[in-house]
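Just so we're aligned: the sequence shown equals residues 6 to 380 in the working numbering. Some notes on the structure that comes next.
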Amino acid sequence: MYDHAALYRRERDLFDSAIQRVLASGRLDWGEEAPAFEAEFAATLGVRRAVGTNSGGAALKVALRALGIGPGDEVITTPNSDIMTTAAIHSVGAKAVWVDVEPDTANMDPGAAAAAIAARTRALLPVDLYGHPADMDRLNALAARHSLPVVADACLSLGACIEGRPVGTLATITCFSFAPTKHLGAFGTAGMAVTDDPALADRMERLVAYGQDRARHYKTFGTGATLHHVEEGMNERLDEMQAAVLRAKLPRLAASIARRRELAAIYGRAFAGSAVTAPPERPGVRHTYRNYVVHLDRRDAVRESLAAAQIATALPYAPPLHLQPVYRDLGHGRGAFPVTERLAEHLLGVPVGPHLTDAQCTFAAETLLAATTQP
Ligand SMILES: Cc1ncc(COP(=O)(O)O)c(C=O)c1O
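See below:
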């Protein structure tokens, strides 16, 4: 599924020199790397501001806090995601209201979201599952009708677009993860929240850094000036070392996503006309295939055949959150979100990523096809 060591070896000098640069600068804190990466990332996406965080989950938390969401509020999201999507909502004291998903993309169903809007709803939080953007046009229209902000969980969809408009420009605040297994992977944990609203960006900068005004802190850091906290923040900043690594990787992001799309095309050609349902790519959408997830019958038997052929597979975001032990007390039993549950029972993630060769991908596709036709 992943081979971080192989990707490191391919461009070792690039990464080593980025890390050396930080070590030699002596600025391990409040240095130039994090703000430089924020500016470069914002420019790549075409958004006004980007605020670095120490994870995708932290980006979601500060986005919700910056919007003033807290106890007594409800945020609409989906149950087939990383637990951090829901945990971020709970961590600010709000309630996550799960809704079912669309059967093709497995993303938030705008009709279900509309039905869930209530007096306490304060935001929509769609997830771009596997790298295919949610239906942001319909979700934004719905949010606008109710004067709600949209916080997009784009932890899986960096580089994706709808009609040429990049993910990152399609919501009030968009959150990304740079976990090592993501499109743009740090050598540890990191994330980013982006927005076109400077007031929200300023607030997120304070919230990720002890509630200090960013510009003032940079000016006074190391001068012996007293600390100056304008609100209660946390320590959720992007660190200098990760920022330097991400700066080195950012210019290579487009090629890495293009490679994922080439591999997806190999799978797509192999599965055409077969009993294996390939992932959709809606008209006008550019999918970035952070996961390549097919749907098929006899999933568990097929998975065993692939394991016997030494092909790694995964069941990304299954079982869904409402069926996880931690949320059992919330009272959503089996049958609460039928589309999500049906998808979870049939999905299979197969290897995809820039570490793979065409031959490895073809072998995985052929082995999967053979396994589905076995009696
Ligand atoms: C959809 C989704 N949301 C949120 C997160 C949380 O990101 P992080 O692990 O960087 O906190 C992830 C990461 O796995 C994710 O896949």
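Glycine is no exception: its CB is placed at the ideal position from the N, C-alpha and C atoms. Note that the structure is a prediction, hence the values are computed from the model and not measured.
{"Query": "Compute the distance between the beta-carbons of I167 and A68, then report whether it is under 9 Å.", "Result": "no"}
{"Query": "Alpha carbon to alpha carbon, what distance is there between A139 and A184?", "Result": "21 Å"}
{"Query": "For a test of your reading of the model: does the CB of K187 fall under 8 Å from any non-hydrogen atom of ligand 1? Yes or no.", "Result": "yes"}
{"Query": "Please determine whether the Cβ atom of N158 lies at a distance below 8 Å from any heavy atom of ligand 1.", "Result": "For the record, residue 158 in the displayed sequence is Asp; it is not Asn. Indeed, a heavy atom of ligand 1 lies less than 8 Å from the Cβ."}
{"Query": "My assumption, with CB atoms under 8 Å, is that F46 sits in contact with A39. Please give the rounded CB distance.", "Result": "Contact doesn't hold; Cβ gap of about 11 Å is too wide."}
{"Query": "Do W103 and A341 have their beta-carbon atoms positioned less than 9 Å apart in this structure?", "Result": "yes"}
{"Query": "State the start and end residues of the unbroken alpha helix (DSSP H) segment that holds H222.", "Result": "219-225"}
{"Query": "For E37, which option in Y135, E236, V250, M6 has the closest C-alpha, if you only look at C-alpha atoms?", "Result": "V250"}
{"Query": "Q217: buried (16+ other C-beta within 10 angstroms of its C-beta) or exposed?", "Result": "buried"}
{"Query": "Give a single yes or no on whether G62 has its beta carbon closer than 8 Å to a heavy atom of ligand 1.", "Result": "yes"}
{"Query": "How many whole angstroms separate the CB atoms of H137 and E286, which I take to be in contact at a CB cut-off of 8 Å?", "Result": "7 Å"}
{"Query": "Quick one: give me the first and last residue of the beta strand (DSSP E) that D158 is part of.", "Result": "156-158"}
{"Query": "Go ahead and pull the three-state DSSP assignment for F42.", "Result": "helix"}
{"Query": "In this structure, does DSSP put P171 in helix, strand or coil?", "Result": "strand"}
{"Query": "Name the DSSP beta bridge partners of E79, please?", "Result": "K100, T126"}
{"Query": "Is it buried or exposed for D133, if we count other Cβ within 10 angstroms and need 16 for buried?", "Result": "buried"}
{"Query": "Mind checking A101: buried by the 16 CB within 10 Å criterion, or exposed?", "Result": "buried"}
{"Query": "Cβ of E245 within 9 Å of Cβ of L212?", "Result": "no"}
{"Query": "At a threshold of 8 Å, does F46 count as lining ligand 1 (C-beta to nearest heavy atom)?", "Result": "no"}
{"Query": "In terms of alpha-carbon separation, which member of M197, H151, L50 lies closest to D158?", "Result": "M197"}
{"Query": "Check the C-beta distance from A123 over to D105 and give it rounded, since I have them as a contact under 8 Å.", "Result": "Wrong, their Cβ atoms sit about 16 Å apart, outside the cutoff."}
{"Query": "Would you call the region 89-100 and the region 262-269 in contact, with 3 or more CB pairs under 8 Å?", "Result": "no"}
{"Query": "What are the partner residues of I316, as DSSP defines its beta bridges?", "Result": "None, per the DSSP bridge assignment."}
{"Query": "Can you tell me which residues form a DSSP beta bridge with S152?", "Result": "Answer is none; S152 lacks a bridge partner."}
{"Query": "So, is the C-beta of A93 closer than 9 Å to a C-beta in chain D?", "Result": "Here chain D cannot be found, since the structure has a single protein chain."}
{"Query": "Hey, quick one: how far does the alpha helix (DSSP H) through A120 stretch, first residue to last?", "Result": "115-121"}
{"Query": "Cβ of S86 within 8 Å of any heavy atom in ligand 1?", "Result": "yes"}
{"Query": "From the DSSP secondary-structure annotation, give me the bridge partner or partners of L352.", "Result": "H300"}
{"Query": "Return yes when the C-beta of M89 is under 8 Å from any heavy atom of ligand 1, and no when it is not.", "Result": "yes"}
{"Query": "When the distance is taken between beta carbons, is D207 closer than 9 Å to V52?", "Result": "no"}
{"Query": "Among P324, F276, G289, E350, which has the Cα closest to the Cα of A306?", "Result": "E350"}
{"Query": "With the cut-off set at 9 Å, would you say G358 and K254 are in Cβ contact?", "Result": "no"}
{"Query": "Would you say the region 138-157 touches the region 18-27, given that touching needs at least three Cβ pairs under 8 Å?", "Result": "no"}
{"Query": "Are the region 263-282 and the region 359-372 in contact at 8 Å, needing three or more beta carbon pairs?", "Result": "yes"}
{"Query": "Determine, using beta carbons only, whether L258 and H360 come nearer to each other than 9 Å.", "Result": "no"}
{"Query": "Under three-state DSSP, which class holds F20?", "Result": "helix"}
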